[in-house]
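S.K.: Could you have a look at this structure, given as C-alpha cells, before my questions?
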Amino acid sequence: MRLSKFFLPTLKEDPVDAVVASHKLMLRAGMIRQLTSGVYSYLPLGLIVFRKIEHIIREEMNAIGGSEFLLPALTPSEIWSQTGRIEDFGDIMFKIKNRDLVLAPTHEEVFTSIAKPNLVSYKDLPTMWYQIQTKFRNEARPRSGVLRGRQFTMKDAYSFDVDYDGLDISYNLQDKAYKSIFTRSGLRFFSVNAFSGAMGGSASEEFMVESEAGEDIVAITEDGSYSSNIEVAVSYKEGVSRRDSNLSYEPFHTPNVKSIDELAEFLGISDKSRLAKSRVFVNPAKDSDKRNEYILVLVCGDDEVNETKLQNIFGQNIRSGHPEELAEITGADAGSIGPIGLKNKEVKIIADLLLKDANELISGANKNDYHTKNIDLMRDVKNIEYYDLRVVKDGELTTDKKQKIKITKAIEVGHIFKLGSKYAEALHAYYLDKDGIEHPIVMGSYGIGVERIAASYIEQNHDEKGIIWGGEIAPFKIHLICASVANKDMVEATEKIYNDLFNGEKLEVLYDDRYEVRPGFKFNDADLIGIPIQIIIGERNYKNGNVEIKIRKTGERLLIPLDNLYNKVLELINEY
RNA sequence: CGGGGUGUGGCCCAGUUGGCUAGGGCACCUGAAUGGGGUUCAGGGGGUCGGAAGUUCGAGUCUUCUCAUCCCGACCA
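Mind the numbering: the first sequence is residues 37 to 612 in my numbering, read in order.
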C-alpha cells in the first residue's frame, strides 16, 4: 500500500480528551476518530487491525464447528419483553422512538427465536452459532476510547445442546478456541472465575488482560494457579479466635466515633479483627404486599463486604440501606450499628466465616455514640448464619496456602458462560428427545470484544514513540521508507524494491512514498504506527549496496546487502 | 444519576481589573532554500470565542439557563 494513497492522519500531539495509552495511540496513529461520546469512526489503519482480529476469531470459531450468522441490530421490543430483559437492561438499551424497535445489546433472544422453529429434534443438536456484529449499549459513562463504547463490534456465539453434559462439551470447546484467539492476537492474558449468578448459569469464565486501563479487579497468583474476579475471589485467612472467657456484653460511650479506624484509635488498638463492622442491606420485596427483607452483615473491621457475594446469596436486587432506613431498622446511624439491640427484631443477621463463633467482639450498640463490647456471636446472636462475605485483599494466601494473591486491574476481553435453559424456556425453544418427550434446549453464550483486543494489545505493546505491532494482527508487516527523496536514484531504487522485490501488496508492505515529507517525519510516523519491520532506503547505505532494516520492537538496526534483502525480511517477518 | 473539570480556526493552547482590528505554536496554501530523526526563511488563507438570554456605552472575559465533552464515583444482563 502506498502511503500517498492511504488515509493515515497521524497526530503529533496527544489529544486532550484521551487518557489511557491505547486511546491516545489509536487516535495519534490514525486508527480511529471519535464521532460522539462512546462512538468511534474506524479509519483505514484501524479497520485493517480489527479485520485481522475478526479473521482470527472466524477461523477459530469455524475450527470448533461454528456456523457464522449475521443478525440485525434492529430488533422488535416484543422479544425482549418475553424474556423480561427490556426491564433488566433498562437504560442500557437504545430504544427507537418512532417504531417499536430496540438496538440489540446482545443476541440471545434473536438466536433463540431462530432456534425455536429449527432446532426441534435431538437430531438437530448440538450446534454452535456465532456472528461478528455491531452491538449497541447506552453506557452511562463511556470511557477509555474503544475500551468502553456505546457502539462496538462483538463476536457472540451460542451453543445449543440437549443437556448439561452437552453444554459442558460446547463450553470447553469455546474455552479452547478463546485461548487460541487471544494467543494468536498476541495478548498476555489469563482467565478468571466470574460472577454468573444473575444468569442462573453454573459456570462463567472471563478472559482478562492485566492493565492499569482495565475496569475489572482480579485476584491472581504469580504462577497462574489461581485467578479470579475479585467479585468471587476467595483466600485463606485465619479466623478470629474464640477466647476462653465469658464476659457479658455491655454498651459503652464512644463519642464521635463513626468509623472502624476511629474506633480503633479511640480504643488504642491496632488489630481491627475483633471490631465487627456492620452493614445493613435491603432485599426489596418482590410483591408490593410483602415486606422488604433486612439483612445485617458483619465482617471483621479490616475487611470490606463483597456485595457480589451477597447477591449470590440473596439475589441480584439486594442493595445497601439508605440512611433513613438504617435509623428506622437499627435505631442508629451508620457507624453505631451492631448485632445487639436492633430496633427491628426481624433483621436477618449474617456474618463472614472469619467471625464464626467469635467472642469478645466490639460493634455498634444501635444507639448513636455507643458501642457494645464482649459480644459473643455464639451466645448472644440467635439464628446467625455464616457465609464467605469478604473482599479478598492483596498479599493474602490462596486457600491451599501455597501462593500469594495479587490484586490487580484488568481488561475483560472475553466472557463465556453456561446459560442453561432460561432463554429456551422464556421463548419456548424446545426439542423432542428419542422418546418423543419435550425438553428445553440447553444453551451457552460466549462473547469477545473485537476492539478491546486491539486496545488491550496496544496497552501491552507500546513505548514512548508509539505502538509496537507484531504477529498476526499487525496491520502491515513491512514499512518501506525512502529517506532520500531528493535523489532520484534512491526513489527509483525504492520503487523497484516495492514493485519487484515485494511484488506490491503480497507481503503486506506499507510504502511511505510521500515525496514532500521529510525523512525525520517519516521515521516518527513509522515508529508511531509501529509496523514491525522498517526498511529504510537511503544514499548513505545504498552506495555500498546496503539497505537498513529497523526492528520496531527492539530498536535494532541491521545493514543488509540488497541481494539478501528478501530472504532476510522473510526471516524477520516470522520472528516479529 | 451524584461530584469535579473543560469548551477560543483542523490539533495543542494563551487571552490581565470587562476596553481598540481575538493571539501563538503545529497543520494548511504560495515561493525559495534544504533533504537520514517531527527543516529554514518570506508571504498567505482560515475564528458566529459551544449555544441562548441577560447586565453594560462596551462581553472571549460578568450573571442565568442550556448543550457538548472528559475525569472520579454509582451502574454495567
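Note that CB positions come from ideal geometry on N, CA and C, so glycine has one too. All figures in this text were calculated on a predicted structure; none of them were measured in a lab.
At the level of alpha carbons, what is the spacing between residue 601 and residue 105?
M.R.: Distance between the alpha carbons of residue 601 and residue 105 is about 43 Å.
S.K.: Look at residue 465 and residue 152 and say whether their C-beta atoms are less than 8 Å apart.
M.R.: Cβ atoms of residue 465 and residue 152: closer than 8 Å.
S.K.: Quick one: residues in its chain with C-beta nearer than 8 Å to the C-beta of residue 432, no 5 flanking neighbours on either side, listed in chain order?
M.R.: Once the five neighbours on either side are set aside, the close Cβ partners of residue 432 are 271, 272, 273, 440, 441.
S.K.: Going by the beta-carbon positions, is the gap between residue 118 and residue 452 smaller than 8 Å?
M.R.: Their beta carbons are not under 8 Å apart, which means residue 118 does not touch residue 452 by this criterion.
S.K.: Among 190, 461, 417, 113, which has the Cα closest to the Cα of residue 134?
M.R.: It is 113 whose Cα lies nearest to the Cα of residue 134.
S.K.: Am I right that residue 398 and residue 310 are in contact with their C-beta atoms under 8 Å? What's the rounded C-beta distance?
M.R.: With 8 Å as the limit, residue 398 and residue 310 qualify as a contact, their Cβ atoms being about 6 Å apart.
S.K.: Nearest by alpha-carbon distance to residue 6: which of 508, 503, 166, 59 is it?
M.R.: The structure shown does not extend to residue 6, since the chain is modelled only from 37 through 612, so no value can be given for it.
S.K.: Quick check: the Cα distance between residue 649 and residue 132, rounded to an integer number of angstroms?
M.R.: Any question about residue 649 goes unanswered here, given that the chain covers just 37 to 612.
S.K.: Since residue 510 and residue 567 should fall inside the 8 Å C-beta cutoff, what is the C-beta to C-beta distance between them, to a whole number of angstroms?
M.R.: Indeed they touch by this definition, with Cβ atoms about 6 Å apart.
S.K.: Counting Cβ pairs closer than 8 Å, one from the stretch 143-160 and one from the stretch 464-481, do we hit at least three?
M.R.: Short answer: they touch.
S.K.: Check the C-beta distance from residue 221 over to residue 243 and give it rounded, since I have them as a contact under 8 Å.
M.R.: Actually they do not touch by this definition, with Cβ atoms about 11 Å apart.
S.K.: Using the DSSP secondary-structure output, state which residues sit across from residue 515 in a beta bridge.
M.R.: Paired residues: 546, 570.
S.K.: Check each candidate in 547, 526, 531 and name the one with the smallest Cα separation from residue 514.
M.R.: Looking at the Cα atoms, 547 is the closest of the given residues.
S.K.: Are residue 443 and residue 255 touching if we call contact CB-CB under 8 Å?
M.R.: Yes, the pair counts as a contact, with Cβ atoms nearer than the cut-off.
S.K.: Determine, using beta-carbon pairs with one atom in the stretch 278-296 and one in the stretch 401-409, whether at least three such pairs fall under 8 Å.
M.R.: The stretch 278-296, when compared against the stretch 401-409, does touch it at the 8 Å Cβ threshold.
S.K.: Pull the bridge partners of residue 165 from the DSSP assignment, please.
M.R.: Its beta-bridge partners are 103, 194.
S.K.: Give me the Cα-Cα distance between residue 234 and residue 479, rounded to the nearest whole angstrom.
M.R.: Unreliable placement is indicated for residue 234, whose pLDDT of 47 sits below 50; the coordinate value is still reported in the next sentence. Approximately 15 Å between the Cα atoms of the pair.
S.K.: Count the other CB atoms, across all protein chains shown, that sit within 10 Å of the CB of residue 395; report buried if there are 16 or more and exposed otherwise.
M.R.: Per the 10 Å Cβ criterion, buried.
S.K.: Exposed or buried, residue 312, counting other C-beta atoms within 10 Å across all chains shown (16 or more means buried)?
M.R.: It is buried - the Cβ of residue 312 has at least 16 other Cβ atoms within 10 Å.
S.K.: Strictly by DSSP, which residues pair up with residue 597?
M.R.: Bridge partners of residue 597: 582.
S.K.: Near residue 40, what residues of its chain come up, given a Cβ to Cβ distance below 7 Å and the 5 sequence neighbours on each side ignored?
M.R.: Cβ neighbours of residue 40 beyond the five flanking positions: 549, 550.
S.K.: If you draw a straight line from the alpha carbon of residue 190 to that of residue 50, how long is it in whole angstroms?
M.R.: In a straight line, the C-alpha of residue 190 is about 28 Å away from that of residue 50.
S.K.: Less than 8 Å between the CB atoms is what I'm expecting for residue 341 and residue 330, so what's the real figure, rounded?
M.R.: Contact doesn't hold; Cβ gap of about 15 Å is too wide.
S.K.: Classify residue 241 as helix, strand or coil using the three-state DSSP reduction.
M.R.: Correct three-state label for residue 241: strand.
S.K.: Under a three-way DSSP split, which group does residue 453 fall into?
M.R.: Residue 453: strand per DSSP, three-state reduction.
S.K.: State the DSSP-derived secondary structure class of residue 155, mapped to helix, strand or coil.
M.R.: It is coil, neither helix nor strand.
S.K.: In chain order, which continuous runs of the alpha helix (DSSP H) of length 4 or greater are located wholly inside the stretch 68-151?
M.R.: Here the runs fully enclosed are 80-99, 113-119, 121-125.
S.K.: Closest by CA to residue 294, which one among 350, 370, 223?
M.R.: When each option's Cα is compared against that of residue 294, the closest is 370.
S.K.: On a Cα-Cα basis, can you pick out the residue from 283, 258, 373, 277 that is closest to residue 299?
M.R.: Considering only alpha carbons, the answer is 373.
S.K.: Mind checking residue 236: buried by the 16 CB within 10 Å criterion, or exposed?
M.R.: With a pLDDT of 49 at residue 236, under the threshold of 50, the predicted position of this residue should be treated as unreliable, though the coordinate-derived value follows. Counting Cβ neighbours within 10 Å, residue 236 comes out exposed, since fewer than 16 surround it.
S.K.: Find the nearest neighbour of residue 388 within the set 275, 483, 499, 302, judged by alpha-carbon distance.
M.R.: The candidate whose alpha carbon is nearest that of residue 388 is 275.
S.K.: Can we count residue 448 as close to the ligand SAH, meaning its CB is less than 7 Å from some heavy atom?
M.R.: Judged by which ligands are present, the structure shown has none, so any question about the ligand SAH falls away.
S.K.: Judging by CA-CA distance, which residue of 166, 196, 258, 497 is the nearest neighbour of residue 154?
M.R.: Closest option to residue 154, Cα to Cα, is 196.
S.K.: Below 8 Å, how does it come out for the stretch 579-596 and the stretch 75-92: are there three or more Cβ pairs, yes or no?
M.R.: Verdict: no, contact absent.
S.K.: Can you list, in chain order, the residues of its chain whose CB lies under 7 Å from that of residue 368, leaving out five sequence neighbours each side?
M.R.: Excluding positions up to five away in sequence, the list reads 400, 402, 403, 404.
S.K.: Hey, residue 504 and residue 570 are a contact pair by Cβ (cut 8 Å); roughly how many whole angstroms apart?
M.R.: In fact, because the Cβ distance is near 12 Å, the residues do not count as touching under 8 Å.
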